[in-house]
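Shown next, in structure tokens, is the structure this report addresses.
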Amino acid sequence: MDKINIAIDGPAAAGKSTIAKRVAAALNMIYVDTGAMYRAITFAHLNNKEIPFNELVNQLEIKLINEKGQRVLLNDEDITDRIRENDITENVSFVASQPEVRAFLVELQQMMTRDKGVVMDGRDIGTTVIPDAELKVYMIASVEERANRRLLDNESRGIASSYDQLIADISERDHLDMTRDISPLTKAEDAVSIDTTGLSIEHVTDKILSLAEERL
Ligand code: C5P
Numbered sequence: 001m002d003k004i005n006i007a008i009d010g011p012a013a014a015g016k017s018t019i020a021k022r023v024a025a026a027l028n029m030i031y032v033d034t035g036a037m038y039r040a041i042t043f044a045h046l047n048n049k050e051i052p053f054n055e056l057v058n059q060l061e062i063k064l065i066n067e068k069g070q071r072v073l074l075n076d077e078d079i080t081d082r083i084r085e086n087d088i089t090e091n092v093s094f095v096a097s098q099p100e101v102r103a104f105l106v107e108l109q110q111m112m113t114r115d116k117g118v119v120m121d122g123r124d125i126g127t128t129v130i131p132d133a134e135l136k137v138y139m140i141a142s143v144e145e146r147a148n149r150r151l152l153d154n155e156s157r158g159i160a161s162s163y164d165q166l167i168a169d170i171s172e173r174d175h176l177d178m179t180r181d182i183s184p185l186t187k188a189e190d191a192v193s194i195d196t197t198g199l200s201i202e203h204v205t206d207k208i209l210s211l212a213e214e215r216l
């Protein structure tokens, strides 16, 4: 069987990582959460605001370890749970708009996908990181549904949040991600759009698996 890469892009909290993890497990592929990588650099930036981004990225080693879901290590420190907290979420779109940060991470992500067999989710995967991916999915959902899903997710992680605040935060992050100068969030021309509003995780996973089977 030939190896393929699968790119899953879409706005904040559209369910990309939940689905991408399941697709990767079902196809025995490697899952890569690129949002976690931008969050890791945001964590480093908030701790070292005086260091310019071009210097900061050279001091960082980011590792994604597939254990208990996916663990995120920054210079060998496990920051998996820390990077889901509100201060990181509030600052990540600013950090992700920095050219030095994007250049650093896109190169790393392209190395990770070189040998194929990767399901990668993010904002610019189908357009910039792996424009030759065999399958590209653009996943959307209504902002109300995304806020509800994030509310439940935050509850399970013990992170305080309110529905109205989540609507505002998600809308703001989408706006920043869609209007930034470098590789803004947009659907790749050849991506398959899936609106997950009202659909179960299983339904969306099966839909992507059947699209992947056609390409394997
Ligand atoms: O996927 P997640 O919501 O964790 O991503 C956090 C942020 O990282 C996004 O809002 C976006 O600003 C940035 N990001 C990006 N490009 C990617 C993945 C994430 O700019 N490929």
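According to the UniProt record's numbering, the stretch in the sequence shown is residues 1 to 216, in order. Cβ coordinates follow ideal geometry from the N, Cα and C atoms, glycine included.
When DSSP labels each residue in this structure, what does residue i get in the three-state scheme?
| i | result |
| --- | --- |
| residue 35 | helix |
| residue 68 | coil |
| residue 120 | strand |
| residue 207 | helix |
| residue 51 | coil |
| residue 77 | strand |
| residue 88 | helix |
| residue 193 | strand |
| residue 187 | coil |
| residue 176 | helix |
| residue 139 | strand |
Do residue i and residue j have their C-beta atoms within less than 8 angstroms of each other?
| i | j | result |
| --- | --- | --- |
| residue 121 | residue 193 | no |
| residue 212 | residue 135 | yes |
| residue 88 | residue 43 | yes |
| residue 3 | residue 187 | no |
| residue 36 | residue 83 | yes |
| residue 46 | residue 62 | no |
| residue 14 | residue 141 | yes |
Suppose you measure from the CA of residue i to the CA of residue j; what does that come to, to the nearest Å?
| i | j | result |
| --- | --- | --- |
| residue 86 | residue 146 | 16 angstroms |
| residue 139 | residue 133 | 16 angstroms |
| residue 90 | residue 114 | 32 angstroms |
| residue 41 | residue 200 | 32 angstroms |
| residue 151 | residue 170 | 11 angstroms |
| residue 215 | residue 209 | 10 angstroms |
| residue 51 | residue 31 | 31 angstroms |
| residue 59 | residue 124 | 24 angstroms |
| residue 29 | residue 178 | 29 angstroms |
Relative to the ligand C5P, is the shortest distance from any of its heavy atoms to the C-beta of residue i smaller than 7 angstroms?
| i | result |
| --- | --- |
| residue 93 | yes |
| residue 40 | no |
| residue 197 | no |
| residue 158 | no |
| residue 169 | no |
Does any CB atom of chain C fall closer than 8 angstroms to the CB of residue i?
| i | result |
| --- | --- |
| residue 133 | Among the chains in the structure shown there is no chain C, since it carries only a single protein chain. |
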